[in-house]
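Residue numbers (the working numbering): 1 to 295. By construction, the Cβ of each residue, glycine as well, lies at the ideal position given by its N, Cα and C atoms.
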């Protein structure tokens with residue numbers, strides 16, 4: 001990928017959810033590029049409280065980047081109303097505010113809007129068929145933006161990770177150094193995505209004045225077990241790994257068996273996406289040296 005300079009983003013920028021995994025990546029990118037932005041705390045700008053969104057209707061921001069979301073997939077099964085308030089209702093209110101102000105809205109969605117029945121990379125125009133509550137709320141958020149009339153970019157992504165926050169890479173690194181054996185499902189396939197790469201690729205889309213639905217991930221695909229195996233190869237003192245099936249590792253929320261997003265549209269515009277193994281190595285290189293393994 002040959003990204004455009006993030007400084008080409010229309011500014012000032014309003015960054016919502018700046019404390020999360022992706023928000024932190026965006027914050028670093030905007031700061032390094034010296035793009036003017038505001039990153040209000042949740043108390044001042046809360047998607048669950050529409051009254052706090054009023055400044056987005058008349059504020060100075062030309063680009064609004066929404067990284068806030070309910071991401072507890074299993075928790076959404078028993079708290080769908082709360083998840084919907086953030087992922088759908090709040091997103092709809094934000095889209096309406098952007099329509100009134102004329103700002104461009106950048107919003108992030110997920111592979112969970114699909115049911116996992118595909119057998120080849122899923123195109124952006126595939127029908128939404130979420131399996132669980134989390135996917136339903138994210139699909140509703142997409143639809144709210146589409147019906148709002150705002151100028152928007154909806155970016156679907158998958159399997160997000162970073163050198164910070166709570167994610168599969170950091171969790172697996174800890175388990176691999178403290179457990180005698182780690183079992184990982186091998187019958188779910190997708191595309192890992194570095195949060196730093198996602199922010200950079202999103203900025204490139206904005207520089208190209210893209211609109212509508214896009215899929216952005218790292219290049220390549222794998223199963224969770226294959227992902228874990230690569231993490232283990234980059235983790236000194238890692239314990240053995242063993243593949244298992246989804247049925248052997250039950251969770252409250254259903255997971256799509258195949259959620260490889262088709263990123264060909266983005267690659268035609270921006271060039272090939274870096275392979276997930278390369279991005280993973282770059283992320284792990286940023287981590288401090290691990291403590292000695294303890295089992």
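One or two residues paired with residue 122 in a DSSP bridge
Position 122 of the chain shown, counted from the first residue, corresponds to residue 122. Paired residues: 261.
If I follow the unbroken alpha helix (DSSP H) through residue 55, where does it start and stop?
As a first step, residue 55 must be located in the chain shown, where it is residue number 55. Taken as a continuous stretch (DSSP letters only), the alpha helix (DSSP H) holding residue 55 covers 55-58.
In whole angstroms, what is the alpha-carbon distance linking residue 243 and residue 283?
As a position in the chain shown, residue 243 is number 243, starting the count at 1. As a position in the chain shown, residue 283 is number 283, starting the count at 1. Their backbone Cα atoms lie some 24 angstroms apart in a straight line.
Is any beta-carbon of chain C found at less than 7 angstroms from that of residue 74?
As a matter of chain content, chain C is missing from the structure shown, which is built from one protein chain.
For residue 211, count neighbouring C-beta atoms within 10 Å of its own C-beta (all shown protein chains included) and say buried if the count is 16 or more, exposed if not.
Residue mapping note: residue 211 aligns to position 211 of the chain shown, counting from 1. Using a 10 angstroms sphere on the CB of residue 211, the tally of other CB atoms stays under 16, which defines it as exposed.
Identify, in the order they occur along the chain, each residue of the same chain with its Cβ nearer than 6 angstroms to the Cβ of residue 14, setting aside the five sequence neighbours on each side.
Reading the chain shown from its first residue, position 14 is the one you call residue 14. Only 38, 61 and 64 meet the Cβ criterion.
Using C-beta distances below 7 angstroms, list every residue in its chain close to residue 134, excluding the 5 sequence neighbours before and after it, in chain order.
Position 134 of the chain shown holds residue 134. Once the five neighbours on either side are set aside, the close Cβ partners of residue 134 are 73, 76, 83, 112 and 253.
Using the Cα positions of residue 26 and residue 121, report the straight-line distance between them to the nearest angstrom.
As a working mapping, residue 26 is identified with position 26 in the chain shown. As a working mapping, residue 121 is identified with position 121 in the chain shown. Pairing residue 26 with residue 121, the inter-Cα distance amounts to about 27 angstroms.
Quick check: the region 270-287 against the region 161-173, are at least 3 beta-carbon pairs closer than 8 angstroms?
Yes, since at least three Cβ pairs between the region 161-173 and the region 270-287 fall closer than 8 angstroms, the two stretches touch.
State the DSSP-derived secondary structure class of residue 26, mapped to helix, strand or coil.
Position 26 of the chain shown, counted from the first residue, corresponds to residue 26. Here residue 26 sits in helix by DSSP.
Beta-bridge partners of residue 38, as assigned by DSSP:
For the purposes of this step, residue 38 is taken as residue 38 along the chain shown, with counting starting at 1. In DSSP, residue 38 forms a bridge with 14.
Cβ neighbour criterion (16 or more within 10 Å) applied to residue 208
As a position in the chain shown, residue 208 is number 208, starting the count at 1. Residue 208 is exposed by the Cβ-count criterion.
Which residues does DSSP pair with residue 242 in a beta bridge?
Walking along the chain shown from the start, residue 242 turns up at place 242. Note: residue 242 sits in a beta bridge opposite 183.
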